[in-house]
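Chains as they are written, first to last, in this note's numbering: chain A, 5 to 247; chain B, 5 to 247. Even glycine gets a Cβ: it sits at the ideal position worked out from N, Cα and C.
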């Protein structure tokens, strides 16, 4: 199932005790429609405040409803900040997360002195002009297969990835009027990786660092110049692909 | 001062005891910046849930700050759902409401089977296809100087207008992809007038009534066919003009 959600009022995709999660909201809707308890698996475990236009989830059901009827029934059972985009029957063994070959994210910066109003929950407001051409040049340096450990958020226990090598297929940055957009696609992303990449690109955009600094950060030297983690609200999971 | 706001979390423009209003929010910010208590007057007294991109307000101040500095200071003192767009010193006797020569509103219908997600607070969701060409033809019948009493909301006491004649300069309807947009401009609008006009146009769009029924409603006959009051969230005050 492809779904979209406004991450503002969720503590993230993954179930957490006492918190409102996308996963639990979906599982509750499935139980409501099918009468069965189902475990939902998501392709991207988005953080609190991160949005999705093209998240993919999978679950098992013995429901006899055809996929589009099931989708409509689920959509009607979901709150107004989660919606069903598409439903398909998957081949045996399909798993939204483990079968995924790539994920795409978009980060949107509102680069204008005036505050964003209607978009304020979906963009990061940055008043000073960003050099989007320099950001794009730096982005291209980061594309390819690398050890992205310098861009991985610190995590405890079982969530810490053992292998931090990833294939970043695409990292592009451009200006669209008052917005500066960063598009990232990779086989998979480390925790906070997109937001840390954006934080570094913004240091390039404000001319605090240059391309050689970005190369040094990627090589594991000079993490102090890397910039912070850009806020969650500017980030959106736009798509996931499969074989 | 031209301001914009997201009406979702306001009880409307006008001060009401115990409620969060745009007017009181502005007056508090002005007091915070200038140290003076000022009465704010707004060109359009928008209802609860109605948005604005181009509301105009006026107030008196003895502040020595120049207009743009005052605007920035006020903007910094306002919550994230109200923002200052432009500030100018007005001629003596200027009153945002009484000096206004016209107001423009836009109503947006999300006409698609899928629910709106990121726009859900700014559009009215209508699943069944709307005949936007028929709606536009009916809209043109309503343009001009008429007694718009059939499109006036029921009001008590001092808020009830004594003269219900208005000059509707423009009422256009068109499709923009999955949106059906209604643009209305008039010297001034009666309470609920835009939302009642849209309710009637939607009855035309769903082919419940035709142009002759709209003419009858405008003539004060057949109010029962007029359709309801379209929800506040689809409505936005887009601009106000002055001599």
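Contact set for residue i: own chain, Cβ-Cβ below 8 Å, skip 5 residues either direction
i, result
"residue 88/B", "5, 6, 7, 75, 76, 78, 79 and 82"
"residue 15/A", "23, 24, 25 and 52"
"residue 35/A", "41 and 42"
"residue 13/B", "24 and 85"
"residue 90/B", "5, 6 and 75"
"residue 94/A", "62"
Cut-off 6 Å between Cβ atoms - residues of its own chain near residue i, not counting five sequence neighbours on either side
i, result
"residue 60/B", "6, 47, 100 and 244"
"residue 134/A", "115, 184 and 209"
"residue 30/B", "44"
"residue 174/B", "189"
"residue 49/A", "17 and 18"
"residue 149/B", "171"
"residue 33/B", "78, 81 and 82"
"residue 110/A", "187, 240 and 242"
Residues that DSSP places opposite residue i in a beta bridge
i, result
"residue 186/B", "111/B and 177/B"
"residue 240/B", "55/B and 110/B"
"residue 126/A", "BP columns for residue 126/A are empty, so no partner."
"residue 194/B", "In the DSSP output, where bridge partners are listed per residue, residue 194/B has none listed."
"residue 7/B", "59/B and 88/B"
"residue 170/A", "150/A"
"residue 3/B", "Missing from the structure shown is residue 3/B; chain B here goes from 5 to 247 and no further."
"residue 16/B", "51/B"
"residue 46/A", "61/A"
Range of the contiguous alpha helix (DSSP H) that encloses residue i
i, result
"residue 75/B", "71 to 81"
"residue 11/B", "Neither: residue 11/B is in no alpha helix (DSSP H) and is coded neither H nor E."
"residue 197/B", "197 to 209"
"residue 34/B", "26 to 38"
Sub-7 Å separation of residue i and residue j beta-carbons
i, j, result
"residue 166/B", "residue 151/B", "no"
"residue 147/A", "residue 121/A", "no"
"residue 63/B", "residue 42/B", "yes"
"residue 107/A", "residue 246/A", "no"
"residue 55/B", "residue 97/B", "no"
"residue 156/A", "residue 201/A", "no"
"residue 1/B", "residue 233/B", "The shown model of chain B, from 5 to 247, leaves out residue 1/B, and the question about it has no answer."
"residue 71/A", "residue 57/A", "no"
"residue 218/B", "residue 145/B", "yes"
"residue 131/A", "residue 84/B", "no"
"residue 164/B", "residue 190/B", "no"
"residue 9/B", "residue 86/B", "yes"
Beta-carbon proximity list for residue i, same chain, < 7 Å, skipping 5 on both sides
i, result
"residue 136/B", "177, 178, 179, 184 and 209"
"residue 28/A", "19"
"residue 154/A", "221, 222, 224, 227 and 230"
"residue 182/B", "114, 115 and 116"
"residue 215/B", "141, 142 and 145"
"residue 66/B", "40"
"residue 38/A", "65 and 67"
"residue 129/A", "114, 119 and 120"
"residue 103/A", "246"
"residue 73/B", "none"
Start and end residues, beta strand (DSSP E) containing residue i
i, result
"residue 219/A", "Taken as a continuous stretch (DSSP letters only), residue 219/A belongs to no beta strand (DSSP E), being part of the alpha helix (DSSP H) at 215 to 222."
"residue 88/B", "86 to 90"
"residue 151/A", "148 to 151"
Cβ-heavy atom distance, residue i to the ligand MG, below 6 Å
i, result
"residue 238/B", "The model on display carries no ligand, and the ligand MG is accordingly not part of it."
(message) Three Cβ pairs or more, each shorter than 8 Å: is that satisfied between the stretch 175 to 194 of chain A and the stretch 125 to 144 of chain A?
(response) yes
(message) Using a Cβ distance threshold of 8 Å, determine whether the stretch 199 to 206 of chain B contacts the stretch 13 to 23 of chain B, with at least three qualifying pairs required.
(response) no
(message) I'd like to know if the stretch 107 to 123 of chain A and the stretch 230 to 242 of chain A are in contact, where contact means that at least 3 CB-CB pairs between them fall below 8 Å.
(response) yes
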